[in-house]
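Down below is the structure, laid out as structure tokens.
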Amino acid sequence: MSVLIETMSTAEAASLVEGCVDAGTAAVTGLLEGVRRSYAWLRRSSVQLLFERRYGVRTAEVVSLDEFGLGHQERVYYSAANWQTLRRTLPLRDVGEHDVFIDLGSGMGRMVLEAASRYPFRKVIGVELSEQLNDIARENIANTRLRLRCADIDLVRSDVLEYEIPDDVSVVFLNNPFRGEIFAAAIEKLLATVDRNPRPVTVIYFNPVEEAFLLGTGRFRHLRTVTRGRRAPEDDSPFGTVRVYAITERAGA
Ligand SMILES: C[S@@+](CC[C@H](N)C(=O)[O-])C[C@H]1O[C@@H](n2cnc3c(N)ncnc32)[C@H](O)[C@@H]1O
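Take the sequence shown: its letters are residues 1 to 253, numbered as in the UniProt record's numbering.
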């Protein structure tokens with residue numbers, strides 16, 4: 001290296017040193033960012049676990065559908081949205097006593113619990129493919145120390161492909177539950193209920209991996225986006241993002 005530097009012009013050597021300093025700064029910045037993210041994740045996870053212990057529920061696990069023999073490339077594994085996702089995306093004033101909430105792919109029921117405890121929904125529905133996860137959701141509802149404002153909670157064990165979305169649902173929650181053709185079929189069912197019984201419907205999409213498909217239907221109007229934590233401006237990953245849409249009327253309806 002020293003021989004190499006001796007044969008360089010001053011400008012070349014200066015640029016080499018500058019490059020090394022830049023690389024060093026970038027490495028330290030990257031390291032600090034990594035530490036900051038790990039700390040934020042740890043802090044968030046412990047707050048969520050303490051919350052669960054306090055309210056006697058169990059939803060904070062990550063479970064592969066392979067465990068139940070249900071694995072499929074378009075079905076997403078179980079991992080709950082953060083507690084307070086609804087609080088951050090759905091204002092209390094937007095929900096009345098005639099509204100009906102549904103979580104398509106409800107897992108252990110975290111969002112069902114949040115919807116039923118925070119809002120005056122007339123009915124709260126969870127639809128979940130796995131019997132085991134749905135049973136845990138039932139136990140959570142039966143045992144929770146959260147005060148539930150909504151008494152009518154229905155936890156349905158079903159593949160979304162076989163489930164008919166009721167014609168009175170007005171708030172739909174999706175935490176990246178399925179992709180590809182399954183997602184397309186679920187959205188088709190959703191639009192069919194709105195066309196059968198035209199009404200305002202809000203869709204809250206957490207980790208909106210299939211957003212391009214949604215927008216491609218021409219029936220979803222973006223209302224707002226909520227992101228978690230600080231993000232670099234060029235970070236356009238769907239993960240850590242929640243988008244809220246209104247379903248619009250069919251053209252010519
Ligand atoms: C990422 S988790 C979200 C869980 C829950 N919505 C929450 O945020 O707490 C996705 C869930 O969708 C379920 N799922 C995947 N494919 C499904 C299908 N075809 N029909 C119904 N549920 C499905 C999975 O079993 C899993 O529980």
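Where is the CB? At the ideal position from N, CA and C, for every residue including glycine. The structure displayed is predicted, hence computed values, not measured ones.
For the beta strand (DSSP E) holding residue i, just list the boundary residues, first then last.
i      : result
Thr144 : Run containing Thr144: none; DSSP gives neither H nor E here.
Val169 : Where Val169 is concerned, there is no enclosing beta strand (DSSP E), given that its DSSP letter is neither H nor E.
Thr202 : Thr202 to Phe206
Leu104 : Val100 to Leu104
Arg157 : Ile153 to Arg157
Leu223 : Phe220 to Thr227
Glu128 : Lys123 to Glu128
If you measure from the CB of residue i, is any heavy atom of ligand 1 nearer than 6 Å?
i      : result
Glu128 : yes
Phe178 : yes
Asn82  : no
Tyr78  : yes
Arg228 : no
Pro135 : According to the sequence provided, residue 135 is Asp. The question's Pro does not apply to it. Not so, every heavy atom of ligand 1 lies at least 6 Å from the Cβ.
Asp236 : no
Leu44  : Looking at the sequence itself, residue 44 is Arg, so the reference to Leu does not match. For ligand 1, not one heavy atom lies less than 6 Å from the Cβ of Arg44.
Asn175 : yes
Ile153 : no
Ser38  : no
Ile182 : yes
Arg110 : yes
Gly105 : yes
Val75  : At residue 75 the sequence reads Arg, which differs from the Val that was named. Indeed, a heavy atom of ligand 1 lies less than 6 Å from the Cβ.
Asp159 : yes
At which residues does the alpha helix (DSSP H) containing residue i begin and terminate?
i      : result
Ala116 : Arg110 to Arg118
Ile247 : Per DSSP, Ile247 belongs to no alpha helix (DSSP H); it is in the beta strand (DSSP E), Thr241 to Ile247.
Leu86  : Thr85 to Thr89
Thr193 : Gly180 to Arg196
Glu211 : Glu211 to Gly216
Apart from the five residues just before and just after residue i, which ones in its own chain have a Cβ nearer than 7 Å to its Cβ?
i      : result
Ala251 : none
Glu162 : none
Leu190 : Ile165 and Val172
Tyr55  : Thr144, Arg145 and Leu146
Val98  : Rather than Val, the amino acid found at residue 98 in this sequence is His. Arg122.
Quick one: what's got a C-beta closer than 8 Å to residue i's C-beta in the same chain, skipping five residues either side?
i      : result
Phe213 : Phe183, Ala184 and Ile187
Ser2   : Residue placement at Ser2 is flagged as unreliable, the pLDDT there being 47, under the threshold of 50; a coordinate-derived value is accordingly withheld.
Arg44  : Asn82
Leu92  : Arg118 and Tyr119
Leu4   : Caution applies to Leu4, whose pLDDT of 49 falls short of 50 and renders its modelled position unreliable; the value that the coordinates give is listed next. Here the set comprises nothing.
Arg149 : Ala116, Ser117, Arg118, Tyr119, Pro120 and Phe121
Short of 6 Å in beta carbon distance, which residues of its chain neighbour residue i, apart from the five on each side in sequence? Order them along the chain.
i      : result
Phe101 : Ala115, Phe121, Val124 and Val171
Ile153 : Ala116, Val124 and Ile141
Arg224 : Val244
Glu131 : Arg157
Leu174 : Leu104 and Tyr205
Gly34  : none
Tyr119 : Val95
Arg228 : Gly240
Val201 : Ser170, Val194 and Ile247
What is the C-beta distance between residue i and residue j, in whole angstroms, given that I count them as a contact (C-beta under 8 Å)?
i      : j      : result
Thr193 : Asp167 : 5 Å
Tyr78  : Val57  : Actually they are not in contact, since the Cβ atoms of Tyr78 and Val57 sit about 15 Å apart, beyond 8 Å.
Ser106 : Val76  : Not confirmed; about 13 Å, so no contact.
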